[in-house]
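Counting in the numbering used here, the sequence shown runs from 129 upward without gaps.
Glycine residues also receive a C-beta, built at the ideal position from the N, C-alpha and C atoms.
All values derive from a computational prediction rather than experimental measurement.
First comes the structure, then the notes that go with it.
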Amino acid sequence: MRNERLNQGDRISAPVPAGTLSGAPVLLFGDTPGVCATKEGEGGNIAGRATVWTEGVFDVSTTDAVATEGTKIYITAANALTVTATGNTLFGRTLHDADGAGGTKGAGAGTVHVRLAKV
Numbered sequence: 129m130r131n132e133r134l135n136q137g138d139r140i141s142a143p144v145p146a147g148t149l150s151g152a153p154v155l156l157f158g159d160t161p162g163v164c165a166t167k168e169g170e171g172g173n174i175a176g177r178a179t180v181w182t183e184g185v186f187d188v189s190t191t192d193a194v195a196t197e198g199t200k201i202y203i204t205a206a207n208a209l210t211v212t213a214t215g216n217t218l219f220g221r222t223l224h225d226a227d228g229a230g231g232t233k234g235a236g237a238g239t240v241h242v243r244l245a246k247v
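Put into structure tokens, the structure is as follows:
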């Protein structure tokens, strides 16, 4: 059948670094942010691939302080998340949930809610 839609495209099997765990932030194809839904090589994926969410809002870890909702979060070449733009790729923006939490945090290890950037 021509132009058959295979799936919604919000999660795809994609190449990831060896040992990547479920829940890890990744940068696909040099510009597409994602969060692993499966561990590398599991969930029907061959070695070197994982199922990756490319749309949505996720709790992600960063050690940087995030002062305001809507702060841009960037991903480094090592797949770490930061508020530093220089040399990094936009990963998404922080968001509060309905009770006003999750979009900000102080310095040190912790999580924020991030809506993945669209490419």
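| Query | Result |
| --- | --- |
| Name the DSSP bridge partner or partners of I203? | L209 and T217 |
| Less than 8 Å between the beta carbons of R221 and G198, yes or no? | yes |
| From the DSSP output, which residues share a beta bridge with A146? | BP columns for A146 are empty, so no partner. |
| Label I201 either buried or exposed according to how many other C-beta atoms from any shown protein chain fall within 10 Å of its C-beta, with 16 as the threshold for buried. | buried |
| Can you tell me which residues form a DSSP beta bridge with D187? | H241 |
| Skipping 5 residues on each side, what residues in its chain have a beta carbon closer than 6 Å to that of T166? | S150, A178 and T179 |
| Are A142 and L156 closer than 8 Å when you measure CB to CB? | yes |
| Just to confirm before moving on: does the CB-CB distance between L218 and V188 stay below 8 Å? | no |
| Take I203 and list the residues in its own chain whose beta-carbon comes closer than 7 Å to its own, dropping the five residues that flank it on each side. | P153, L155, P161, L209, N216, T217 and F219 |
| Which term fits N131, buried or exposed, when burial requires 16 or more other beta carbons within 10 angstroms of its beta carbon? | exposed |
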